[in-house]
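Peer 1: Below you'll find the structure I mean.
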Amino acid sequence: MSHTFHIPVLGLGFSVDTPLKVARYGISSVMSIVDDELTERMREYHCRQNNLPYEPIHKHEADHRAKRITAYLNLVKQLADAQFEDLKKQEFKAGTDITRYFELLPDTSQLKQGYDLMMEFPEGDGKTIFENILRKKMIQGAIDVNIMAKVDKMNFDADGHYYGDEYTDAIAALRGFANSDLSSSVVLSAGMNPKLYSYLEHCADFFPDQDGNIKKKVILKVSDFRSAFIQAKFLAKKGLWVSEFRIESGLNCGGHAFATEGYLLGPILEEFKLRRASMQMELFEMMRTALTAKSIDMDAAPKQRITVQGGIGTAEENNFLMSYYQLDGTGWGSPFLLVPEATNVDKHTLAKLATSTEDDYYTSNASPLGVLFNNFRGSTIEDLRLKRMDKGRPGSPCTKKFLLTNTEFTEKPICTASREYQRLKIAELDSQVITSSETYEHKLAEITEKICLCEGLCASAYLKYDIIKPKESTAVAVCPGPNLAYFDKVYSLDEMVGHIYGKINLLQHAQRPHLFLKELQLYTQYWLNDMKRNIAELTDKKKVQLHKFKEQLLSGISYYQNLFQDNQMLLAELDNYLNQLKESLSPTYQL
Numbered sequence: 000m001s002h003t004f005h006i007p008v009l010g011l012g013f014s015v016d017t018p019l020k021v022a023r024y025g026i027s028s029v030m031s032i033v034d035d036e037l038t039e040r041m042r043e044y045h046c047r048q049n050n051l052p053y054e055p056i057h058k059h060e061a062d063h064r065a066k067r068i069t070a071y072l073n074l075v076k077q078l079a080d081a082q083f084e085d086l087k088k089q090e091f092k093a094g095t096d097i098t099r100y101f102e103l104l105p106d107t108s109q110l111k112q113g114y115d116l117m118m119e120f121p122e123g124d125g126k127t128i129f130e131n132i133l134r135k136k137m138i139q140g141a142i143d144v145n146i147m148a149k150v151d152k153m154n155f156d157a158d159g160h161y162y163g164d165e166y167t168d169a170i171a172a173l174r175g176f177a178n179s180d181l182s183s184s185v186v187l188s189a190g191m192n193p194k195l196y197s198y199l200e201h202c203a204d205f206f207p208d209q210d211g212n213i214k215k216k217v218i219l220k221v222s223d224f225r226s227a228f229i230q231a232k233f234l235a236k237k238g239l240w241v242s243e244f245r246i247e248s249g250l251n252c253g254g255h256a257f258a259t260e261g262y263l264l265g266p267i268l269e270e271f272k273l274r275r276a277s278m279q280m281e282l283f284e285m286m287r288t289a290l291t292a293k294s295i296d297m298d299a300a301p302k303q304r305i306t307v308q309g310g311i312g313t314a315e316e317n318n319f320l321m322s323y324y325q326l327d328g329t330g331w332g333s334p335f336l337l338v339p340e341a342t343n344v345d346k347h348t349l350a351k352l353a354t355s356t357e358d359d360y361y362t363s364n365a366s367p368l369g370v371l372f373n374n375f376r377g378s379t380i381e382d383l384r385l386k387r388m389d390k391g392r393p394g395s396p397c398t399k400k401f402l403l404t405n406t407e408f409t410e411k412p413i414c415t416a417s418r419e420y421q422r423l424k425i426a427e428l429d430s431q432v433i434t435s436s437e438t439y440e441h442k443l444a445e446i447t448e449k450i451c452l453c454e455g456l457c458a459s460a461y462l463k464y465d466i467i468k469p470k471e472s473t474a475v476a477v478c479p480g481p482n483l484a485y486f487d488k489v490y491s492l493d494e495m496v497g498h499i500y501g502k503i504n505l506l507q508h509a510q511r512p513h514l515f516l517k518e519l520q521l522y523t524q525y526w527l528n529d530m531k532r533n534i535a536e537l538t539d540k541k542k543v544q545l546h547k548f549k550e551q552l553l554s555g556i557s558y559y560q561n562l563f564q565d566n567q568m569l570l571a572e573l574d575n576y577l578n579q580l581k582e583s584l585s586p587t588y589q590l
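Residue numbering for the sequence shown is 0 to 590, as defined by numbering that gives the first Met the number 0.
Below is the structure:
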């Protein structure tokens, strides 16, 4: 790989065509394929922009979801490949994309060092030969896709007949990727879905060919070692290899936040570091046994990468994670929301993000999935939610229906952000005898806090490309991690990449805690909030869970004190901060 970092998936629309912006520079990125309506509209847009014929794939067509996704991914590959081939033909001179390709590389890259040497060569045949060698060694950035494994709605025909398991949302999306021309990876996130994971077995490209190469790879986005190993073993027993474990902080991240039971990022990375070799060996033996039964020979384990993402903000943090935990790469997500060359953020939201502060970022219960969601106070979708409340019409029209999960009031699932659900839930609340107005308002807020992510996470892309439809909502939902608060302007791609590699420092004047300390702060607050919610009616089960969580936090504190014992400046800061945390954890609530 050309670069040691990747751009993770960012919402739905924010990174839906990021490969068309960065892949030619060797930068890998991830697109969401959750929303086939989004991919279809983006396919139309990019076909028009590139004077290519566009034939719509309508919803009434058989397997339309998979076909739409396949068509879009094939178009992205076609365009990205053409960009890369054009770039390689350019001259090595100031202002060309090929020069930019090499200038963006880290100084530690052999390719970058070769480029620097070539530039010192005198003009002539020798330099031309050197240039052509460099061209052959250039690598395009990966065009990867993301599927939230448990966003897997069942689908029915007009008469209410179930289409079958092969046509659920996640499996259809996976089939769309499997049928595409891409040679890249699918990032499976948000937990394990046995049906989805089993469907991988029906896609030939996920298995090694005669030379041991795997055309389509599996990346698992995980938040702890145990769950990662369980998921990987499930796949290995089917002959499927996890090519990368993409470790993400449970709370110091963007998008949905999947909090661990108090396990902090440092100790999690330490466990991966210590158990990496034995895990790989065990997984390969399972895989080889399964492949033998399928008449596929595999003599050596394929490469298995381990990367981390969530809250990384400086080159020093990046380099420390890479070297100490022996990682293969890092992910930088939220900061790229401030890089218009890389992502789709409308002007209004971009300005809000660039001038935000720490208080603008918070975890919420706004997601209809019932999972913590990293929210931003300056989003226009929050303004729309409040306006609807003021008009006595809480909730959103449910048009896309990707997040239908609730069956409290209906036979078929509906979305908790929908107007239908919130009307029914508020009616139920009103029928209860609640003597305290404070309690009523709290319960009402819990119901109406949900926002429509299906539309909100796409709107920014539609606004940026001016393809918003008449009467379509322009309200933007954005879900950056809290780390974005320390970046205070709009940046060029060169600036952000240079910051990652330590060529420049975009946070020189920012008062920013170390990423481990920030995550520790977030987990401590999470624990305290959970305790406050349950202290009045503390069950034995919840008491055990809270105690275990606290013990894991204190264990993480001890780990960090030992980790930084040779860094006096950081240790002093760490000790002061961690002592405050221990005081809030210990005497306030005794479990």
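No residue lacks a Cβ here, since even glycine has one placed at the ideal position from N, Cα and C. The structure presented is a predicted model; accordingly, all values stated were derived computationally and were not measured.
If you drop the 5 nearest sequence neighbours on each side, which residues of the same chain put their C-beta closer than 8 Å to that of Gly265?
Peer 2: Phe515, Gly555, Tyr558, Tyr559, Leu562
Peer 1: So, are the CB atoms of Gln308 and Thr342 less than 8 Å apart?
Peer 2: no
Peer 1: Using 8 Å as the threshold, is the C-beta distance between Thr409 and Leu368 below it?
Peer 2: no
Peer 1: Between Lys236, Ile170, Arg384, Lys463, which lies nearest to His347 when the distance is taken from Cα to Cα?
Peer 2: Lys463
Peer 1: Who are the Cβ neighbours of Leu86 in its own chain at under 6 Å, not counting the five residues just before and after it?
Peer 2: Cβ neighbours of Leu86 within its own chain (closer than 6 Å, five residues either side excluded): Arg23, Asp96, Ile97.
Peer 1: Classify Glu381 as buried or exposed, calling it buried when 16 or more other Cβ atoms lie within 10 Å of its own Cβ.
Peer 2: Its Cβ being crowded by 16 or more others within 10 Å, Glu381 is buried.
Peer 1: So Ser184 is in the alpha helix (DSSP H); what residue range does that whole segment cover?
Peer 2: Looking at the DSSP string, Ser184 is not in any alpha helix (DSSP H); the run it does join, the beta strand (DSSP E), is 184-188.
Peer 1: DSSP puts Gln308 in a beta bridge; with which residues?
Peer 2: Glu247, Gly330
Peer 1: So is Asn373 buried or exposed if we call it buried at 16+ other beta carbons inside 10 Å?
Peer 2: buried
Peer 1: Can you tell me whether Met286 is helix, strand or coil according to DSSP?
Peer 2: In this structure, Met286 counts as helix in the three-state DSSP scheme.
Peer 1: Are the Cβ atoms of Val15 and Val186 separated by less than 8 Å?
Peer 2: no
Peer 1: Taking C-alpha atoms, which residue in Val33, Asp124, Ser248, His2 lies nearest to Cys453?
Peer 2: Val33
Peer 1: In this structure, how does DSSP classify Asn405 when only helix, strand and coil are distinguished?
Peer 2: strand
Peer 1: Helix, strand or coil for Tyr262? Go by DSSP, reduced to three states.
Peer 2: coil
Peer 1: Going along the chain, which residues of its own chain have a beta-carbon closer than 7 Å to the beta-carbon of Leu423, five neighbours each way excluded?
Peer 2: So the qualifying residues of the chain are Phe408.
Peer 1: Only counting runs of 4 or more residues, tell me where the alpha helix (DSSP H) segments fall wholly within the region 84-167, in order along the chain.
Peer 2: 96-103, 109-118, 124-136
Peer 1: Using DSSP's beta-bridge definition, name the partner residues of Leu219.
Peer 2: Leu187, Phe244
Peer 1: Just how far apart, CA to CA, sit Phe205 and Met278?
Peer 2: Distance between the alpha carbons of Phe205 and Met278: 20 Å.
Peer 1: Hey, how far is the Cα of Thr288 from the Cα of Ala235?
Peer 2: 9 Å
Peer 1: Inspect the beta-carbon positions of Glu419 and Cys397 and report whether they are closer than 8 Å.
Peer 2: yes
Peer 1: Okay, do the region 235-245 and the region 495-507 touch, 3+ Cβ pairs below 8 Å being the bar?
Peer 2: no
Peer 1: Roughly how many angstroms separate the alpha carbons of Ser184 and His2, rounded to a whole number?
Peer 2: 16 Å
Peer 1: Can you tell me the Cβ-Cβ gap for Gly480 and Gly253, rounded? I've got them flagged as a contact below 8 Å.
Peer 2: 4 Å
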